[in-house]
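**Q**
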Amino acid sequence: MQMSGAQMVCEAIIAEGVKTVFGYPGGAIMHVYDEIYKQNGFEHILNRHEQAAVHAADGYARATGKVGVAMVTSGPGFTNAVTGLATAYMDSIPMVVISGQVPLSLIGTDGFQEIDAVGISRPCTKHNFLVRSLEELPRILKEAFYIARSGRPGPVLVDVPKDITVEIGEFSYPDSVNIPSYKPTYKGNKRQIEKAVEAIKKAKKPLLYIGGGVVLSNAYKLVRQLAETTQIPAVETLMARGVMGAKNPLLLGMLGMHGNYASNMAMSETDLVISLGARFDDRVTGKLSEFAKYADIIHVDIDPANIAKLVDVDYPIVGDITQVLEQMLPLLDDVNTERYHAWREILKRYDELHPQSYVDSDEVIKPQWAIERIGELIGEDAIITSDVGQHQMWAAQHYPFDRPRQWINSGGLGTMGFGFPAAIGAKRAFPEKTVINVTGDGSILMNMQELVTAAEYKTPVINMILNNHFLGMVRQWQTFFYEKRYSETDLSFQPNWKALAEACGGIGYDVTTKEEFDAAIKDAIEQDKVCFMNVAVNRFENVLPMVPAGGALFNMMLPQKTETHGEEK
Amino acid sequence: MSGNINERRVISVVVMNESSVLARVTALFAGRGYNIESLTVAPIPESDMSHITIATKGNAKVMEQITKQLHKLIPVYKVIEHEEMVEKEMVLIKFPIAENLSDIQALCKAYNGGIVNVGKEMVIAQVADEPKRIKHFIEAAHRYNPCEIVRGGVVAIER
Ligand SMILES: Cc1ncc(C[n+]2csc(CCOP(=O)(O)OP(=O)(O)O)c2C)c(N)n1
């Protein structure tokens, strides 16, 4: 069929089954927006900032497992999108971003709103394309979606010059992709898997180390089955919360810098690490030379470059977690689960010794209490997104995550401003679910213009601001490591949150007591409007346990057992 | 492979011919603060691929990461870390015509080359040999006051 480049872009999006596109128009992408106006194959959400549009597409992708799509114009539109691309790249999120570019004849001339998008995005995309002719546009679009979702997923940029979007040509969307140089490995090597199974059967203190790759591979049922048949205890990374399910007796909790005592001790004492889709991030390992010092390591990952990048691996298995586990599970039928009994007992005692806990208060709302409370009130039904800081860690530690894709946050890049737009993306995908963005008084301001987006599109996201009047996480480091010199972290000056939300078409709640908290949540759900729930929490609360950066996992700062409400109350 | 930080390494990368593929490859070295000693690129005859030969120095662990990361680039078809290889490098040298031309001719011959151009004031010699021998040749050629030396970079093929 004959059509314009702009139409081809829309047709490809429809052919890929994408229902919601997030974006922001401008000169170079206007022809595409003109086609968006005419079609009804997908909805378009006009975010109020390109960064937010990309985060929203990201949130949509994380919540659904499908490719998220964002559209931006050239120059500043594209540069605004870079943080979104980098965020998705670090967490391997399938995404296609389509950016307008100046006409081919102007490329390289410093034309108005020209920027080398392909050059800038090279280190923060899985792959990127500058379209150089109309003929190659359909193939490139097809490849972009394929590359974004296959192998180790990631964001792909397609930069389309303006003149190509007006040009008319023949369109037929390819059915399949053939890139001879790109053939991801999905099945694990049989011999390696057999060896790994032998190692599991011989181990005395094995440990499942579960990472975000399990979520990406949709392998959670198989992972639970693996734990179930072998009775091997498990720890989750920040990105894997929800994989095992909060109530699973084999789950020790989160490990790493803010992991709990039992998890970090388990990693320090295990004799066999079974790593599934985890990448040994420094926030997880602490001091590398002390990490899992007594263990052999089985490392399953779809990305060969992840394997043995940081630690020496004894049983490397390249492949998709789902397929590898399908190969592995039948070989583990006869495993003797009693073998690990003593190990489980040791870990149980560690957990009893220092459970994931905090001291509650009657005078002031503790942030941990607020998290637990929404868990009690909405629990399994909610999707929780978060920004970055203490609130993120408290959410990861205390929320009873029940399934993967219920917890959406920026793990690898740690992007403040991610949570709200990501929540909008998740809510568009699952309008029937309660979506709560757990955020801080610092983070929320980084994309607060999205109040307008959410209000316009009737996307009732609850922004729960755990307000400590600080850039809390930085303040915590200043407390511990900079002798309480609170340089530029005091946020005593605050906006009127309620008025701010109302000014943008939402509603606001100021919460200072537990009763008000419950009432606000209830009302927010009933009102069904985007809201700011401004929760005054204890100012000097710290996230504990904590492993100081670069320290060994077993050297944790543990919470006090007595009430302090933070030393500086 | 040893852990020697400064061990010389030669890598061949076979890539699909598409725009900015060379930039993608070299960016991986730059991103890790690695110096590329020499780089040659040319299309592979009767294919839509090119062969890139990279000579560099580095420790085994980082090189392994670079190799894996190279492999992850979508247009990269193959990465060969050479161990048993035949390596050749070319050099062109310009000498003043007043120098002893027969000595220069003899020297070039010893290194698998010869004089390839004679002008009014200069002669140009060409030598293609193993990189180590090229180095020796250039040292020896200094006796004849060369006024310009252009090295061509390594090409390698696995034995
Ligand atoms: C875009 C960006 N800028 C800076 C940082 C560094 N940073 C990490 S946590 C944090 C403080 C966050 O404060 P707030 O949102 O109030 O959350 P709290 O820690 O108080 O819960 C900062 C500034 C970051 N992660 N992202």
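If you read the sequences in order, they're chains A and B. So for the first sequence, full-length UniProt numbering puts the first residue at 1; every next one is plus one. So for the second sequence, full-length UniProt numbering puts the first residue at 1; every next one is plus one. Each residue gets a CB set at the ideal place from its N, CA and C atoms; glycine is no exception. These numbers were taken from a predicted model, which means no experiment stands behind them.
Going straight from the alpha carbon of Ser74 of chain A to that of Gly417 of chain A, what length do you get?
**A** Rounded to whole angstroms, Ser74 of chain A to Gly417 of chain A spans 22 angstroms at the Cα level.
**Q** Could you name the residues of the same chain whose beta carbon sits closer than 7 angstroms to that of Thr337 of chain A, not counting the 5 residues immediately before and after it, in chain order?
**A** Answer for Thr337 of chain A: Thr230 and Gln231, listed in chain order.
**Q** Near Thr165 of chain A, which residues of its chain fall below 6 angstroms by C-beta distance, leaving aside the five closest residues on each side in sequence?
**A** Counting only Cβ-Cβ distances below 6 angstroms, and skipping sequence neighbours, we find Gly5, Ala6, His31 and Val32.
**Q** Out of A:Ile147, A:Gly412, A:Glu363 and A:Gly119, which one is the CA nearest neighbour of Asp282 of chain A?
**A** Nearest of A:Ile147, A:Gly412, A:Glu363 and A:Gly119 to Asp282 of chain A, Cα basis: A:Gly412.
**Q** Please report how far the alpha carbon of Asp334 of chain A lies from the alpha carbon of Tyr146 of chain A, in whole angstroms.
**A** Roughly 39 angstroms separates the two Cα atoms.
**Q** So, is Glu170 of chain A buried or exposed, given that buried needs 16 or more other C-beta atoms within 10 angstroms?
**A** So Glu170 of chain A counts as exposed.
**Q** Would you verify that the beta carbon of Arg405 of chain A is, or is not, closer than 8 angstroms to some beta carbon of chain B?
**A** Chain B, which has no Cβ nearer than 8 angstroms to the Cβ of Arg405 of chain A, makes this no.
**Q** Would you say the beta carbon of Asn468 of chain A comes nearer than 7 angstroms to a heavy atom of ligand 1?
**A** At least one heavy atom of ligand 1 is nearer than 7 angstroms to the Cβ of Asn468 of chain A, so yes.
**Q** Taking the runs of the alpha helix (DSSP H) that are 4 residues or longer, which of them lie wholly in the stretch 404-431 of chain A?
**A** Taking only runs of at least 4 residues, the alpha helix (DSSP H) segments lying wholly in the stretch 404-431 of chain A are 419-429.
**Q** Using a threshold of 7 angstroms, is the CB atom of His391 of chain A nearer than that to any non-hydrogen atom of ligand 1?
**A** Yes, Cβ of His391 of chain A sits closer than 7 angstroms to a heavy atom of ligand 1.
**Q** Would Met309 of chain A count as contacting chain B if we go by Cβ distances under 8 angstroms?
**A** Correcting the residue type first, residue 309 of chain A is Lys in the shown sequence and not Met. Interface residue, yes.
**Q** Quick one: complete alpha helix (DSSP H) runs, 4+ long, within the stretch 154-203 of chain A?
**A** Segments of the alpha helix (DSSP H) lying fully in the stretch 154-203 of chain A: 162-166 and 190-202.
**Q** Along chain E, which residues have their Cβ under 7 angstroms away from the Cβ of Met122 of chain B?
**A** Of the protein chains in the structure, A and B, none is chain E.
**Q** Between Ala28 of chain A and Val102 of chain A, what straight-line distance do the alpha-carbon atoms span, to the nearest angstrom?
**A** Straight-line Cα distance between these residues: approximately 6 angstroms.
**Q** Residues in the stretch 16-27 of chain B with C-beta within 8 angstroms of chain A's C-beta atoms, listed in sequence order?
**A** For the stretch 16-27 of chain B, which is checked against every Cβ of chain A, the residues closer than 8 angstroms are Met16, Ser19, Ser20, Ala23, Arg24 and Ala27.
**Q** Tell me, please, whether the stretch 259-271 of chain A touches the stretch 239-250 of chain A by the rule of three or more beta-carbon pairs shorter than 8 angstroms.
**A** Touching, no, given that fewer than three Cβ pairs across the two stretches are closer than 8 angstroms.
**Q** With a cut-off of 8 angstroms, does the C-beta of Tyr34 of chain B fall near any C-beta of chain A?
**A** Closer than 8 angstroms: no.
**Q** Could you tell me the alpha carbon to alpha carbon distance between Met1 of chain B and Val62 of chain B, rounded to whole angstroms?
**A** Because the pLDDT at Met1 of chain B is just 41, under 50, the model does not fix this residue reliably, and the point stays unresolved.
**Q** Output yes or no for whether 8 angstroms exceeds the beta carbon distance between Val212 of chain A and Pro184 of chain A.
**A** The amino acid occupying residue 212 of chain A in the given sequence is Gly; Val does not appear at that position. No; because the gap between Cβ atoms is not below 8 angstroms, this pair is not in contact.
**Q** Please identify the residue among A:Ser357, A:Val318, A:Ile378 and A:Glu198 whose C-alpha is closest to the C-alpha of Asp296 of chain A.
**A** Selected option, being the one with the closest Cα: A:Glu198.
**Q** Going by DSSP in three states, Lys120 of chain B sits in which element: helix, strand or coil?
**A** Coil.
**Q** Would the C-beta of Leu471 of chain A count as close to ligand 1, meaning under 7 angstroms from any of its heavy atoms?
**A** Checking the Cβ of Leu471 of chain A against ligand 1 gives yes.
**Q** By DSSP, does Ala81 of chain A sit in helix, in strand, or in coil?
**A** Note: Ala81 of chain A maps to helix in three-state DSSP.
**Q** Is the CB-CB distance between Arg151 of chain B and Ile134 of chain B below 8 angstroms?
**A** A contact, by the Cβ cut-off of 8 angstroms.
**Q** Kindly indicate which three-state DSSP category Val215 of chain A falls into: helix, strand or coil?
**A** Helix, per DSSP.
**Q** Do the stretch 88-105 of chain B and the stretch 118-125 of chain B touch if we need at least three Cβ pairs shorter than 8 angstroms?
**A** Yes, since at least three Cβ pairs between the stretch 88-105 of chain B and the stretch 118-125 of chain B fall closer than 8 angstroms, the two stretches touch.
**Q** Run the CB neighbour count on Glu280 of chain A, radius 10 Å, all protein chains shown included, and call it buried at 16 or more, exposed below.
**A** One detail in the question is off: residue 280 of chain A reads as Phe in this sequence, not Glu. Classification of Phe280 of chain A: buried, given that the 10 Å Cβ count is 16 or more.
**Q** Buried or exposed for Lys569 of chain A, please, with buried defined as at least 16 other CB atoms from any protein chain shown within 10 angstroms of its CB.
**A** For Lys569 of chain A, the pLDDT reaches just 43, beneath the cut-off of 50, and the residue's location in the model is therefore unreliable, leaving the point undetermined.
**Q** Quick one: does Ile107 of chain A have its CB under 8 angstroms from some CB of chain B?
**A** It does not; no Cβ of chain B falls within 8 angstroms.
**Q** On the criterion of 16 or more Cβ atoms from any shown chain inside 10 Å, does Phe78 of chain A qualify as buried, or is it exposed?
**A** Result: buried.
**Q** Quick check: Ala454 of chain A and Val530 of chain A, are their CB atoms within less than 8 angstroms of each other?
**A** Yes, these two residues count as a Cβ contact at 8 angstroms.
**Q** If I measure Cβ to Cβ from Asn189 of chain A and keep anything under 8 angstroms in the same chain, skipping five residues before and after, which residues do I get?
**A** Same-chain partners within the cutoff: Ile317, Val318 and Gly319.
**Q** Shorter than 8 angstroms from the beta carbon of Pro75 of chain B to some beta carbon of chain A?
**A** So, interface residue.
**Q** How about Asp387 of chain A: is its Cβ closer than 7 angstroms to a heavy atom in ligand 1?
**A** Yes.
**Q** Taking 7 angstroms as the cut-off, is the CB of Ser487 of chain A close to at least one heavy atom of ligand 1?
**A** Outside the cutoff, so no.
**Q** Chain A partners of Asn153 of chain B, CB-CB under 8 angstroms?
**A** Checking the displayed sequence, the identity of residue 153 of chain B turns out to be Gly instead of Asn. Those do not exist, as Gly153 of chain B stays about 23 angstroms from chain A at its closest Cβ, beyond 8 angstroms.
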